[in-house]
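The next block holds one structure in the form of structure tokens; read it before the comments.
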Amino acid sequence: MNTYTCTPEKWLENAKIPMRVMEKEAEMYDEMARLMADTIIENNKKGEKTVIICPVGPIMQYPPFAEIINKERINLKNCWFINMDEYLTDNDETIEYESILSFHQIMDNLLYSKIDKDLIMPESQRLFPQPGKEAEIDALFETL
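Numbering (the working numbering), first residue to last: 624 to 767.
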């Protein structure tokens, strides 16, 4: 099956996981934002932590997500956002935050800086991978 010429119907027919086809790309981002927000709302009601693994790609779900959080006044204090990736230098060190490639900067600009201060989780709950600290993130997964 060639994914570049596959019809939506054929794609759904051959899917190995549940899928939905949206008419427009923006609808997908809005749906992702809504799913994230609804998960947090549900976990907050149950008094449970929410752990979300955050990719930088796709990224356009983050602005509508921030809008939902602010508009609906959803508290993120019991949320942990663990970012998937970050670029490294040739010396296996995290690239500078100021780099246009910095995932940390992208997340701050598209998401964290857009959420009202009284709703956002502490910075200690917004995690980015760091070389040499892989065991700490693994332990955190177990704890959460």
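C-beta: ideal position from N, C-alpha, C; glycine also.
For residue i, does the three-state DSSP call read helix, strand or coil?
i, result
"Leu635", "helix"
"Phe751", "coil"
"Thr712", "coil"
"Thr717", "strand"
"Gln728", "helix"
"Lys740", "coil"
"Lys669", "helix"
"Pro641", "coil"
"Asn698", "coil"
"Pro745", "coil"
Express the C-alpha separation of residue j and residue i in angstroms, rounding to a whole number.
i, j, result
"Leu635", "Pro681", "21 Å"
"Ala660", "Phe704", "13 Å"
"Gln753", "Glu716", "8 Å"
"Ile692", "Glu650", "18 Å"
"Ile697", "Ile664", "7 Å"
"Lys756", "Lys633", "43 Å"
"Glu695", "Asn667", "13 Å"
"Ala758", "Lys740", "30 Å"
"Glu654", "Ala762", "31 Å"
"Leu728", "Leu658", "Note that residue 728 is Gln in the sequence shown, not Leu. Those two C-alpha atoms are separated by around 24 Å."
When you compare the CB positions of residue i and residue j, do they come within less than 8 Å of one another, or not?
i, j, result
"Phe726", "Glu746", "no"
"Phe751", "Asn706", "yes"
"Ala689", "Leu724", "no"
"Tyr720", "Met683", "no"
Taking the DSSP output, what are the residues bridged to residue i?
i, result
"Asn706", "Cys677"
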